[in-house]
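Undergrad: If you read the protein sequences in the order shown, they are chains B and R.
Letter by letter, the first sequence follows residues 1 to 223 in the numbering used here.
Letter by letter, the second sequence follows residues 224 to 521 in the numbering used here.
For each residue, glycine too, the CB sits at the ideal point set by N, CA and C.
Computed from a predicted structure; not experimentally measured.
Just dropping this structure here.
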Amino acid sequence: MVRQRSVFDIVGPIMVGPSSSHTAGAVRLGALARAIAGDAVRSARITLHGSFATTGRGHGTDLALVAGLLGLAPEDTAIRHAFDLAGEAGLEVSFEAADLGDVHPNTARMELETRAGDRILVQGSSLGAGNVEVTLIDDFPVRLTGDLPALAVVHHDQPGVVAAVSARLAAAVINIASMQVFRERRGARALMLIETDQPVSDAVASGVTALDGVIATRVVPAV
Amino acid sequence: MAYTTFADLAHAAASAGSLGAAALALEILESGAAEADVIARMDAELAVMEASIAAGLANPERSRSGFTGGDAAQVLSGPGLIGDSFRDTLAHALAVGETNSRMGRIVAAPTAGASGVVPAVLLAVARARSAPRDAVTSALFAAGAVGAVIAARATLSGAAGGCQAEVGAAAAMAAAAGAELAGADPDTCGHAAALALQGLLGLVCDPVGGLVELPCVVRNASGSAVALAAIEMALAGVRFPIPFDEVVVAMGQVGRSLPPSLRETALGGLAATPTGRALGERACAPSSVSETPADHED
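Written as structure tokens, this is what we have:
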């Protein structure tokens with residue numbers, strides 16, 4: 001997967017080393033998980049798979065994931081102090097290594113609990129050159145790259161919700177770049193994951209949350 | 224899209240005035256950003272490159288794995304057998320690599336693991352020619368355009384093409400951009416890039432323990448030496464008979480024919496030596512979460 005080449009994709013990005021996949025990509029995965037959780041994270045149980053498990057410590061993958069959960073950017077030199085910062089922020093973190101099955105070698109599973117007490121599972125992979133992909137949100141098999149802003153909408157599986165949400169975005173002149181819809185089972189809880197060309201403001205997100213059938217929304221900025 | 228052949232890039236440079244000017248013009252066109260903003264962004268990257276050199280030279284600490292650290296400062300105070308500028312170039316390349324290994328801030332060029340070559344070589348040429356800062360920034364655009372050609376015709380990934388695709392690519396980028404900074408025309412810059420890349424064809428990616436450190440840090444220094452040699456030859460009029468575009472394709476083919484053990488898997492080369500294995504096992508031992516890295520600012 002090669003993105004369109006800007007000269008700054010070749011000379012750049014500015015990042016904290018040592019590895020674009022194991023460090024910068026891991027920060028982005030942590031940042032996506034933080035945004036999907038939608039609230040400050042109180043505890044994180046992180047499982048590292050494959051190369052993340054075997055070379056992650058030397059590459060600072062553990063620090064990088066925690067840095068992302070804390071909201072640091074991939075170029076922030078405070079990444080190396082992420083464990084100290086987590087302590088100050090009241091974020092409890094634990095790590096373990098495990099085989100997560102047939103997934104990319106650079107995969108992390110993050111079981112998060114927010115300050116509000118919500119629990120959410122986010123799993124994702126670092127694909128190389130800083131490109132990442134969230135592949136699992138709770139039980140939903142998603143694909144979210146963080147290259148574009150996104151809106152995650154948890155809703156009831158009932159007629160009209162998809163149309164109402166897309167109409168609300170259209171009214172705000174927000175173009176949908178991609179859209180994925182999943183449901184636990186017919187008539188149960190469902191997830192709509194919408195990548196957009198324009199950022200979704202909190203006001204627009206609140207408008208979506210107020211729609212009939214919508215349970216919750218999360219604005220997931222590009223990272 | 225970026226120029227996908229050096230021939231196209233050189234053609235555009237003929238009217239734009241230089242490789243750097245052609246690359247800048249294309250970036251402005253593709254991004255829709257203002258010229259001043261695009262230049263300012265590259266200038267900011269140059270500032271980070273300079274800071275990563277200073278941080279590497281000032282910091283005597285070892286990296287988190289313990290594999291690297293302290294060599295840059297040692298080389299800077301070394302004998303300078305061939306000349307101070309050559310010695311300093313090696314020290315600067317090592318410094319960026321060590322900063323990267325210590326989780327400091329660097330500019331990937333084209334990758335994090337090969338980030339020392341372009342800054343070390345361009346700053347060496349800038350010192351030699353007393354080049355103004357905006358000329359160095361322009362040279363960074365040239366380096367980026369050459370890297371984009373390599374990305375389009377081969378690869379910039381060690382996992383796909385071995386170290387020749389990372390340090391080799393960085394040396395080619397630095398050679399072309401360094402030659403331009405020294406006043407060479409686009410054609411001469413192409414020969415500099417070809418001379419650099421041919422010298423690193425076949426270089427394998429064999430990081431000990433799978434970490435971007437050993438031999439990555441010192442390979443930034445040796446890659447810089449190859450780039451300087453290529454610039455010297457090209458400026459003197461040496462013409463490499465095989466065009467850079469074809470050398471790049473050859474690099475991609477060599478990369479595809481490398482066994483996976485020599486493409487960033489840590490299963491071959493130096494990583495598979497008895498000492499490499501022992502070091503790798505020690506560095507990758509499970510760690511305790513309570514452990515924090517050394518407290519040291521850049």
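Which whole-angstrom value is the C-beta distance of Asp311(R) and Ala347(R), which I expect to be below 8 Å?
TA: The residue labelled residue 311(R) in the question sits at position 88 within the second sequence. The residue labelled residue 347(R) in the question sits at position 124 within the second sequence. Between Ala347(R) and Asp311(R) the Cβ distance is about 7 Å, and since that is below 8 Å, they are a contact.
Undergrad: Counting only Cβ pairs nearer than 8 Å, list the residues of chain B close to Asn507(R).
TA: Along the second sequence, read from residue 1 onward, the residue named residue 507(R) stands at position 284. Correcting the residue type first, residue 507(R) is Cys in the shown sequence and not Asn. Simply Thr54, Thr55, Arg57, Gly58.
Undergrad: From Ser166(B) to Thr334(R), what does the alpha carbon distance come to, in whole angstroms?
TA: Taking the first sequence and counting its residues from 1, one reaches residue 166(B) at position 166. Taking the second sequence and counting its residues from 1, one reaches residue 334(R) at position 111. Cα to Cα, Ser166(B) sits roughly 39 Å from Thr334(R).
Undergrad: Starting from the Cα of His49(B), find the closest Cα among His156(B), Ile174(B), Val181(B), Ser125(B) and give me that residue.
TA: What you label residue 49(B) is simply residue 49 of the first sequence in a count that begins at 1. Ranking the options by Cα distance to His49(B), first place goes to Ser125(B).
Undergrad: Check Val341(R) in the structure and name its three-state DSSP category.
TA: Along the second sequence, read from residue 1 onward, the residue named residue 341(R) stands at position 118. Val341(R): helix per DSSP, three-state reduction.
Undergrad: Is the CB of Ser19(B) under 8 Å away from at least one CB in chain R?
TA: Locating residue 19(B) in the first sequence gives position 19, where the first residue counts as 1. At least one chain R Cβ lies under 8 Å of Ser19(B).
Undergrad: Could you work out which residues of chain R lie near Met125(B), taking near to mean beta carbons separated by less than 7 Å?
TA: Taking the first sequence and counting its residues from 1, the one referred to as residue 125(B) is at position 125. The question names Met, yet the displayed sequence has Ser at residue 125(B). Chain R residues near Ser125(B): none, gap ~14 Å exceeds 7 Å.
Undergrad: Along chain B, which residues have their Cβ under 7 Å away from the Cβ of Asn323(R)?
TA: By one-based count along the second sequence, residue 323(R) stands at place 100. Those within 7 Å of Asn323(R) in chain B are Gly17, Pro18.
Undergrad: Cutting at 6 Å between CB atoms, please list the residues of its own chain near Asn443(R), excluding the five before and the five after it.
TA: As a working note, residue 443(R) is residue 220 in the second sequence. Here the set comprises Ala316, Gly320, Gly339, Val340.
Undergrad: With a threshold of 8 Å, are at least 3 pairs of Cβ atoms found where one atom belongs to the region 185–194 of chain B and the other to the region 117–124 of chain B?
TA: no
Undergrad: Which residues, in order along the region 89–116 of chain B, keep a beta-carbon less than 8 Å from a beta-carbon of chain R?
TA: So the list reads Val93, Ser94, Phe95, Ala97, given in the order they occur along the chain.
Undergrad: For Ser6(B), which of helix, strand or coil comes out of DSSP?
TA: Position 6 of the first sequence holds residue 6(B). Reduced to three states, the DSSP call for Ser6(B) is coil.
Undergrad: Using a Cβ distance threshold of 8 Å, determine whether the region 98–107 of chain B contacts the region 75–86 of chain B, with at least three qualifying pairs required.
TA: no
Undergrad: Out of Val93(B), Ala150(B), Arg115(B), Gln180(B), which one is the CA nearest neighbour of Val227(B)?
TA: Since the first residue of chain B shown is 1 and the last is 223, residue 227(B) is not available in this structure.
Undergrad: So which residues of chain B does Ala246(R) contact, with C-beta pairs closer than 8 Å?
TA: Stepping through the second sequence from its first residue, residue 246(R) is reached at position 23. Ordered by position in chain B, the residues that pass the 8 Å Cβ test against Ala246(R) are Val7.
Undergrad: Grouping DSSP H, G and I as helix and E and B as strand, with all else coil, what is Gln158(B)?
TA: Locating residue 158(B) in the first sequence gives position 158, counting from the first residue. Reduced to three states, the DSSP call for Gln158(B) is coil.
Undergrad: Just how far apart, CA to CA, sit Met474(R) and Gln387(R)?
TA: Here the question's residue 474(R) lines up with position 251 in the second sequence. Here the question's residue 387(R) lines up with position 164 in the second sequence. Between Met474(R) and Gln387(R), the C-alpha separation is close to 7 Å.
Undergrad: Contact between the region 353–373 of chain R and the region 235–252 of chain R is defined here as three or more beta-carbon pairs at a separation below 8 Å; is this criterion met?
TA: yes
Undergrad: Any idea what DSSP makes of Gln123(B), helix, strand or coil?
TA: Residue numbering aside, residue 123(B) sits at position 123 when the first sequence is read from its first letter. The answer is strand: DSSP assigns Gln123(B) an E or B state.
Undergrad: Who are the Cβ neighbours of Met265(R) in its own chain at under 7 Å, not counting the five residues just before and after it?
TA: If you number the second sequence from 1, residue 265(R) lands on position 42. So the list reads Thr360, Leu363, Phe364, once near-sequence residues are dropped.
Undergrad: Quick check on DSSP: helix, strand or coil for Leu179(B)?
TA: Residue mapping note: residue 179(B) aligns to position 179 of the first sequence, counting from 1. Strictly speaking, residue 179(B) in this sequence is Met, with Leu absent from that position. In the structure shown, Met179(B) sits in a strand (DSSP, three-state: E or B).
Undergrad: For Ile465(R) versus Ala417(R), is the C-beta spacing smaller than 8 Å?
TA: Your numbering for residue 465(R) matches position 242 in the second sequence. Your numbering for residue 417(R) matches position 194 in the second sequence. Yes, Cβ-Cβ distance for Ile465(R) and Ala417(R) is below 8 Å.
Undergrad: Does the pairing of the region 19–32 of chain B with the region 62–70 of chain B give three or more beta-carbon distances under 8 Å?
TA: yes
Undergrad: In chain B, which residues lie less than 7 Å from Ser288(R) when you measure between Cβ atoms?
TA: The residue given as residue 288(R) occupies position 65 in the second sequence. The answer, in chain order, is Gly58.
Undergrad: Is Glu487(R) near the ligand MG, with its Cβ less than 7 Å from a heavy atom?
TA: For the structure depicted, the ligand MG is absent and the ligand set is empty, with no information on it obtainable.
Undergrad: Ser300(R) by DSSP, collapsed to three states: which one?
TA: By one-based count along the second sequence, residue 300(R) stands at place 77. Note: Ser300(R) maps to coil in three-state DSSP.
Undergrad: Looking at the structure shown, is Asn131(B) part of a helix, part of a strand, or coil, going by DSSP?
TA: As a working mapping, residue 131(B) is identified with position 131 in the first sequence. DSSP places Asn131(B) in strand when its eight states are reduced to three.
Undergrad: Do Ser447(R) and Ala343(R) have their beta-carbon atoms positioned less than 8 Å apart in this structure?
TA: As a first step, residue 343(R) must be located in the second sequence, where it is residue number 120. As a first step, residue 447(R) must be located in the second sequence, where it is residue number 224. Taking 8 Å as the Cβ cut-off, Ala343(R) and Ser447(R) qualify as a contacting pair.
Undergrad: Taking the beta strand (DSSP E) that Ile329(R) falls in, what are its first and last residues?
TA: Position 106 of the second sequence, counted from the first residue, corresponds to residue 329(R). That run of the beta strand (DSSP E) goes 328–330.
Undergrad: Name the residues in the region 64–80 of chain B whose C-beta lies less than 7 Å from a C-beta of chain R; which are they?
TA: Glu75, Thr77, Ile79, Arg80
Undergrad: Per DSSP, what kind of secondary structure is Val93(B) in: helix, strand or coil?
TA: To locate residue 93(B), count along the first sequence from 1; it is residue 93. Looking at Val93(B) - three-state DSSP - the assignment turns out to be strand.
Undergrad: Between the region 469–487 of chain R and the region 418–426 of chain R, can you find at least three pairs of beta-carbon atoms closer than 8 Å?
TA: Between the region 418–426 of chain R and the region 469–487 of chain R there are three or more inter-stretch CB-CB distances shorter than 8 Å, so the stretches are counted as touching.
Undergrad: Look at Ala64(B) and Thr23(B) and say whether their C-beta atoms are less than 8 Å apart.
TA: If you number the first sequence from 1, residue 64(B) lands on position 64. If you number the first sequence from 1, residue 23(B) lands on position 23. The answer is yes: Cβ separation under 8 Å.
Undergrad: Just the C-alpha distance for Val132(B) and Gly25(B), rounded to the nearest angstrom, thanks.
TA: Position 132 of the first sequence, counted from the first residue, corresponds to residue 132(B). Position 25 of the first sequence, counted from the first residue, corresponds to residue 25(B). In a straight line, the C-alpha of Val132(B) is about 6 Å away from that of Gly25(B).
Undergrad: Answer with yes or no whether the minimum CB distance from Ser51(B) to chain R is below 8 Å.
TA: By one-based count along the first sequence, residue 51(B) stands at place 51. For Ser51(B), the answer is yes, since a Cβ of chain R falls inside 8 Å of its Cβ.
Undergrad: From the DSSP output, in three-state form, read off Ala501(R) for me.
TA: Your numbering for residue 501(R) matches position 278 in the second sequence. In this structure, Ala501(R) counts as helix in the three-state DSSP scheme.
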